[in-house]
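There are 2 protein chains.
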Amino acid sequence: MELFWLKGYGSTSIAEILSRTQINSGSLYHFFPGKQDLLLAVLEAYREGIGPMLLEPAWAGVGDPIEKVFALLARYRGLILETDCTYGCPIGSIALELHEPDEAVRRLLAENFTGWVAAIETCLQEAGDRLPASTDRRALAELVLTVMEGGVMQARTYRDVAYFDRSVEQLRTYFDALEKLACAK
Amino acid sequence: MELFWLKGYGSTSIAEILSRTQINSGSLYHFFPGKQDLLLAVLEAYREGIGPMLLEPAWAGVGDPIEKVFALLARYRGLILETDCTYGCPIGSIALELHEPDEAVRRLLAENFTGWVAAIETCLQEAGDRLPASTDRRALAELVLTVMEGGVMQARTYRDVAYFDRSVEQLRTYFDALEKLACAK
DNA sequence: GTCTATAAAAGGATAGAC
DNA sequence: GTCTATCCTTTTATAGAC
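So this is what it looks like as structure tokens:
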């Protein structure tokens with residue numbers, strides 16, 4: 043999991059995985075028929091971890107549903123800082139690295155996005171009439187993912203978290219405008 | 043250029059480049075000392091092509107500066123459709139594929155983003171007081187790039203252009219809100 | 001500058017004893 | 001289930017004649 047995140051799927055060799063885990067070739071291949079099966083397992087682990095490993099820590103002590111959205115983005119900001127601005131979303135990176143993924147891999151990538159977006163969408167629904175009734179909450183939740191992925195990509199390319207911050211700040215301005223619109227009605 | 047776009051940098055072999063171009067190994071290495079030098083040349087070509095190959099075609103017949111922003115996004119929508127929703131931005135894909143790029147590569151990736159964003163920023167400045175004076179035009183231009191990259195990533199992962207469309211539609215709503223704000227003042 | 005042949009290493013995966 | 005040894009392919013890059 044960590045090697046695929048740090049180096050990417052293609053650039054991680056089986057030899058490196060064996061050395062890192064102190065496992066022998068025979069044992070690994072006993073459980074995982076091929077390298078791609080390792081990727082499938084990793085993507086399943088990410089999917090299962092969205093709640094307990096990502097959202098719950100990010101949302102500890104945060105009750106307001108709209109603040110939850112920005113608390114999650116703040117968590118990514120922390121990851122960017124912790125990695126000296128080299129952070130890449132493991133799902134997004136693999137989604138762009140693999141140009142002709144197996145259908146099973148593609149589906150797991152999509153399921154990861156869907157799980158993430160669904161959690162945000164729930165927040166936006168909890169926000170009720172603080173957002174305009176006309177707002178497509180799913181589309182807005184997808185925009186939040188878009189902002190995270192696009193912000194992470196630019197922060198990493200420039201090695202500067204300010205690129206992430208500016209996109210998030212624009213998203214905040216958009217939310218403020220939506221709240222104002224909902225209020226006016 | 044095309045092979046790196048279609049297959050990624052790591053998954054494109056020199057042998058494939060030789061076969062595709064009908065060039066022999068000796069000739070290629072005479073001009074390009076190593077594979078990475080090919081990547082540098084490709085990234086320079088993309089940078090030089092932003093205007094003539096991307097913006098000018100996308101903006102043909104479009105005068106309104108804000109419509110130019112969405113015309114460019116519409117161009118990407120066309121690319122997504124032309125590739126059966128497998129389109130990946132060549133710059134963004136390589137930015138996420140390479141986890142420890144050479145400084146020269148990283149800088150060229152950043153320069154590509156900067157050129158793209160600068161063109162959008164110019165549009166936003168041309169929009170003048172149709173946007174609030176308080177709007178950070180650079181940050182907003184970066185958000186446009188963010189939306190393109192995030193939208194392309196999701197459309198590709200889901201193999202469905204609707205994911206791109208929804209993020210762009212949200213961006214449009216944001217622009218509408220900004221224009222309304224500017225008008226009210 | 002271009003050609004063919006090939007080096008040298010790294011890659012994923014397997015064999016077969018234990 | 002785990003161990004060591006190794007197979008076979010692919011990969012980037014080079015050698016050296018022309």
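Protein sequences appear in the order of chains B and G.
Residue 43 is where the first sequence starts when you use this note's numbering, and the numbers rise one by one after that.
Residue 43 is where the second sequence starts when you use this note's numbering, and the numbers rise one by one after that.
Note that CB positions come from ideal geometry on N, CA and C, so glycine has one too.
Per-residue DSSP class, three states only, for residue i
i	result
residue 95/G	helix
residue 178/B	coil
residue 190/B	helix
residue 28/G	With chain G covering only 43 through 227, there is no way to say anything about residue 28/G.
residue 74/B	coil
residue 212/B	helix
residue 43/G	coil
residue 202/G	coil
residue 106/G	coil
residue 59/B	helix
residue 64/G	coil
Under 7 Å from the C-beta of residue i: neighbouring residues of chain B
i	result
residue 67/G	Correct list: empty, because the minimum Cβ distance to chain B is about 23 Å.
residue 118/G	Within 7 Å Cβ-Cβ: nothing; residue 118/G doesn't reach chain B, min ~13 Å.
Chain G residues whose Cβ lies nearer than 7 Å to that of residue i
i	result
residue 203/B	Per Cβ cutoff of 7 Å: no residues; residue 203/B is ~13 Å from chain G at best.
residue 138/B	130, 134, 135, 138, 139, 195
residue 192/B	187, 188, 189, 191, 192
residue 184/B	196, 205, 208, 209
residue 71/B	Those do not exist, as residue 71/B stays about 23 Å from chain G at its closest Cβ, beyond 7 Å.
residue 88/B	The contacting residues do not exist; residue 88/B stays about 13 Å from chain G at best.
Closer than 9 Å at the beta carbon, the chain G residues around residue i
i	result
residue 155/B	195, 196, 199, 200, 205
residue 52/B	50, 52, 53, 139
Integer Cβ distance of residue i from residue j, believed to fall under 8 Å
i	j	result
residue 182/B	residue 212/G	6 Å
residue 54/G	residue 45/G	4 Å
residue 188/G	residue 120/B	About 19 Å separates the two Cβ atoms, so there is no contact after all.
residue 82/G	residue 51/G	Wrong, their Cβ atoms sit about 11 Å apart, outside the cutoff.
residue 94/G	residue 169/G	That pair is no contact at about 24 Å.
residue 133/B	residue 194/B	Residue 133/B to residue 194/B, Cβ: 11 Å. No contact.
residue 97/B	residue 114/B	7 Å
residue 198/G	residue 137/B	7 Å
Under 8 Å from the C-beta of residue i: neighbouring residues of chain G
i	result
residue 148/B	199, 201
residue 223/B	219
residue 167/B	Within 8 Å Cβ-Cβ: nothing; residue 167/B doesn't reach chain G, min ~16 Å.
Chain-ordered neighbours of residue i on chain B, where CB pairs are closer than 8 Å
i	result
residue 152/G	199, 200
residue 181/G	208, 209, 211, 212
Chain-ordered neighbours of residue i on chain B, where CB pairs are closer than 9 Å
i	result
residue 96/G	Chain B residues near residue 96/G: none, gap ~18 Å exceeds 9 Å.
Any non-hydrogen atom of the ligand FMN closer than 7 Å to residue i Cβ
i	result
residue 127/B	Within the structure as shown, the ligand FMN is missing, as the structure has no ligands at all.
Beta strand (DSSP E) runs contained entirely in the stretch 120-176 of chain B, provided each spans 3 or more residues: The stretch 120-176 of chain B contains no whole beta strand (DSSP E) run of 3 or more residues.
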